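Chains as they are written, first to last, in the numbering used here: chain A, 57 to 234; chain B, 4 to 433.
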Amino acid sequence: MIRPQRPRGGVARAGWWGFAATTAVMVALGLLSRSPGPYVGLAVAVAASAGALAIRLVATEQRGSVLFLLPLFVAWAYLGLAAPITLLTEILAALAALSGLVWMAERSQAGSSGLRRAADVLPLPAVGVAIALVAGLLIPPGELRVGIAALLLVAALALVVIVLGHLHPAREGVASIL
Amino acid sequence: MSASHSAGLRLTARSWACYGGAVALIATAVASRDPVPLFGAVPLLLSPMAALLAVPSSSGPVRVAWRESGNAGTVAIEGTIVVPAEIDARDLEISLPCPPELSERAPLHAAWQSDGVGFRAEWWARSPVLVRANLPAVEWCDALGLAARSLDVEGTPLTIERYPPEVGRLGGIRLQRTIPMPGESRSTTIGDAGEFHGVRPAQAQDPWRRTNWRAWARTGTRYVNEFSLERTGDVLLYLDARPTSLGREIDREIFGISRATAIGIANAFLREKVRVGLAIFGEFVETIPLGSGRSQRLRLRDALLAAQISAFAAPAERGAVGLRRDITPGTTTILVSPLADESASLLIVHLRRRGYPTIVLSPSPISAQLALTPAVPEDRQIVTRVARLYRRQQIARAWREAPVVDWSEYWSLAGFTAFLQHGMYARRHT
């Protein structure tokens with residue numbers, strides 16, 4: 057099978073806007089790292105971004121589009137743990153994931169800019185983040201209830217999607233997949 | 004028109020990666036009793052659901068209009084995909100499978116617009132080929148590449164025919180008539196040249212050189228001459244589709260070349276209004292009776308596209324006996340066979356015994372055999388030499404029964420064309 061490619065496949069696959077946004081947010085999160093220090097956090101943020109970019113540039117379109125997420129996940133987990141529990145770090149953690157999604161939207165196979173197209177999909181995760189932030193403010197940190205609340209939140213959102221899928225049968229397959 | 008059916012909506016590998024990442028972040032958050040990673044997990048969990056919600060409502064099929072061009076081994080594919088109004092063409096992903104008989108020279112290049120996608124690809128045929136390219140697969144994909152949905156595609160599969168250019172000259176060759184005694188039947192086709200048939204009142208487009216001046220002088224009305232067109236002999240293309248000792252892979256390759264050549268020869272003769280028939284001998288003989296015209300061309304093409312090497316090798320005699328039901332004896336028969344086994348030579352014997360004057364066009368399997376030999380140059384030389392000697396012996400054996408054209412350079416049929424023009428099966432001009 058041959059897939060659509062632009063003449064300069066590697067460069068087109070990079071997704072420079074997404075890379076810049078993700079790196080900026082992760083660097084900000086890294087600078088807030090508490091232990092062992094901001095320099096380690098900064099190094100982790102830059103290394104993860106560079107690693108993800110390298111994977112996108114070097115790997116094939118199909119593999120690279122999935123594998124580049126791995127260094128980002130590791131970095132998000134590390135930076136999330138290293139940063140102090142404040143509202144700012146929570147917002148930055150959420151923004152890091154959202155910017156990662158914007159980076160995902162920049163695909164060389166797609167016919168138009170990823171940023172424009174991402175506007176159709178990103179509002180729901182953004183609303184989810186907003187709800188989570190509100191919930192985070194109300195639930196004391198460091199409690200087991202945090203995890204339970206998160207699970208309940210996700211379950212509630214999944215339920216909403218299922219209901220929406222049944223309400224709009226034209227969107228076939230949504231309910232069946234979920 | 005044919006359509007490929009959609010496989011429905013599905014989540015892509017990216018979605019599952021997002022879910023995996025989200026689960027890992029949640030586990031980290033719970034294990035470390037730190038809520039910060041949890042906020043990174045929320046967008047990852049929700050994005051696949053958001054992608055599913057962005058799926059366009061059910062729409063009509065996308066339409067593909069495409070064509071192929073190029074000469075010799077080059078196959079340039081160009082086309083356009085027109086999408087229904089409900090779908091933005093920029094959300095589409097296209098994949099075009101390259102048929103196994105061809106190799107990819109340039110990757111698929113797509114140009115997206117709001118109402119359609121233009122695409123082009125370049126393939127390459129190593130040897131003559133007759134193959135049908137399936138419609139491109141078109142998939143709608145959300146902005147993040149998390150959910151995808153196959154779309155119904157409407158269009159006509161593309162038939163790619165590549166054969167040696169000399170085949171085009173075959174049509175002009177006047178073959179021996181099919182009937183036992185040449186000259187016994189008169190052609191019913193009236194034309195510009197041939198034997199005098201009669202006169203008719205002239206029409207505006209008739210050339211002056213066909214004017215019958217005497218008839219004009221006597222009647223005062225302009226008359227033109229009409230002629231009975233000479234008809235050349237009928238042609239039967241006979242493909243030996245039995246498995247040989249060469250092995251499945253080489254058999255398939257040689258048979259692919261044979262199919263392509265057969266459609267090339269058929270096209271050339273059909274252009275000259277010659278009746279052409281087809282016989283494919285695998286386990287049994289499958290024939291398409293003699294016929295001419297565009298519909299016959301399509302019949303032959305479809306039969307050749309569907310033809311495959313059979314699983315079992317039938318006895319040679321069956322190949323000639325079964326032929327008499329549909330094909331008149333005396334028809335000039337072009338047998339395309341690699342002559343790899345003695346059974347192929349026997350087939351020639353039986354064809355001739357049953358009254359089919361046969362010419363053998365034998366694609367040489369040596370190049371395909373050499374591809375399987377070791378890369379050591381000395382060994383290769385010895386193998387080549389032995390293969391050529393064995394081949395020469397086989398051809399010499401077949402020559403006792405019928406003329407054989409050894410065809411080793413697949414992109415040239417000059418030898419075969421020259422043989423038909425000057426050989427024993429061409430009609431002598433007196």
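For every residue, glycine included, the Cβ atom is placed at its ideal position computed from N, Cα and C. Since the structure is predicted, the reported quantities are computational estimates derived from the model, not experimental observations.
Between the Cα of Arg357 (chain B) and the Cα atoms of B:Leu56, B:Ala124 and B:Ile330, which residue gives the shortest distance? B:Ile330
Please work out which residues of its chain come closer than 7 Å, Cβ to Cβ, to Thr361 (chain B), disregarding the five sequence neighbours upstream and downstream, and give them in chain order. Thr336, Leu338, Ile351, Leu354, Arg355 and Ala405
7 Å Cβ shell around Ala347 (chain B) - same chain, five flanking residues per side excluded: Asp243 and Ser340
Under DSSP, the beta strand (DSSP E) around Asn228 (chain B) begins and ends at which residues? Tyr226 to Ser231
Within a Cβ cutoff of 7 Å, which residues of the same chain sit near Asp344 (chain B), ignoring the five residues on either side of it in sequence? Thr247 and Ser248
Against Ala16 (chain B), what residues of chain A qualify as contacts under a CB-to-CB distance less than 7 Å, listed in chain order? Val122
Any C-beta of chain A sitting closer than 8 Å to the C-beta of Thr77 (chain B)? no
Proximity winner among B:Gly259, B:Pro204 and B:Leu178, relative to Glu164 (chain B) (alpha-carbon distances): B:Gly259
Expected contact under 8 Å - CB spacing of Thr334 (chain B) and Leu303 (chain B) to nearest Å: No, Thr334 (chain B) and Leu303 (chain B) are not in contact; Cβ-Cβ is about 15 Å, not under 8 Å.
Just to confirm my understanding: we take Val407 (chain B), look at its own chain, exclude 5 residues before and 5 after, and list those with CB closer than 6 Å. What are they? Val363, Ser365, Ile398 and Ala401
Where does Asp254 (chain B) fall in DSSP's three states? helix
Report the CB separation of Pro388 (chain B) from Ile369 (chain B) in whole angstroms; it is logged as a contact under 8 Å. Sequence inspection shows Arg at residue 388 (chain B); the Pro mentioned does not correspond to that position. About 10 Å separates the two Cβ atoms, so there is no contact after all.
Distance cutoff 8 Å, beta carbons only. Does Leu109 (chain A) sit that close to anything in chain B? no
Residues of the segment 132–151 of chain B with Cβ closer than 9 Å to any Cβ of chain A, in chain order: Ala140, Cys144, Asp145, Ala146, Leu147, Gly148, Leu149 and Ala150
Proximity to Glu320 (chain B) [Cα-Cα], best of B:Ser295, B:Trp126 and B:Gly285: B:Gly285
Between which two residues does the alpha helix (DSSP H) containing Ile163 (chain B) stretch? No alpha helix (DSSP H) holds Ile163 (chain B); the beta strand (DSSP E) holding it covers Leu161 to Arg165.
So which of B:Gly23, B:Ser261, B:Glu89 and B:Thr224 has the shortest CA-CA distance to Leu154 (chain B)? B:Glu89
In or out: Ser130 (chain B) buried (at least 16 other Cβ within 10 Å) or exposed? buried
With 8 Å set as the bound, which would you pick, yes or no: does the beta-carbon of Leu240 (chain B) sit closer than that to a beta-carbon of chain A? no
Spatial distance of Trp69 (chain B) from Thr83 (chain B) (CA atoms): 6 Å
Taking DSSP as the reference, what is the three-state secondary structure of Leu173 (chain B)? helix
Nearest-angstrom Cα separation, counted from Ala174 (chain A) out to Cys101 (chain B): 32 Å
Give me the subset of the segment 25–39 of chain B whose CB atoms are less than 8 Å from a CB atom of chain A, sorted by chain position. Ala27, Leu28, Ile29, Thr31, Ala32, Val33, Ser35, Arg36, Asp37, Pro38 and Val39
Test: Ala207 (chain B) CB closer than 8 Å to a CB of chain A: no
List, in chain order, every chain B residue whose beta-carbon is nearer than 8 Å to that of Thr145 (chain A). Val39
Report the option in B:Asp118, B:Val156 and B:Gly76 whose CA atom is closest to the CA atom of Leu138 (chain B). B:Val156
Is there a Cβ of chain B sitting closer than 8 Å to that of Met30 (chain A), yes or no? The structure shown does not extend to residue 30 (chain A), since chain A spans only 57 to 234, so no value can be given for it.
According to DSSP, is Asp155 (chain B) part of a helix, a strand, or is it coil? coil
Give every residue of the same chain whose Cβ lies closer than 6 Å to the Cβ of Pro185 (chain B), excluding the five residues on either side of it in the sequence, and list them in chain order. A caution first: Pro185 (chain B) carries a pLDDT of 47, below 50, which makes its placement in the model too unreliable to give a value.
Closest to Asp145 (chain B) by C-alpha separation, out of B:Thr15, B:Arg328 and B:His112, would be which residue? B:Thr15
Using CA coordinates, which residue listed in B:Glu81, B:Ala124, B:Ala109 and B:Ala57 is at the minimum distance from Asp91 (chain B)? B:Ala57
First through last residue of the beta strand (DSSP E) which encompasses Tyr241 (chain B): Val238 to Asp243
Quick one: is Ala114 (chain B) buried, meaning 16 or more other Cβ sit within 10 Å of its Cβ, or exposed? exposed
How many angstroms separate the CA atom of Gly23 (chain B) from the CA atom of Glu81 (chain B)? 40 Å
Enumerate in chain order the residues of its own chain whose CB-to-CB distance from Asp254 (chain B) is below 7 Å, with the five nearest sequence positions on each side excluded. Pro246, Thr247 and Ile312
Indicate whether Ala282 (chain B) and Leu239 (chain B) have their beta-carbon atoms separated by less than 8 Å. yes
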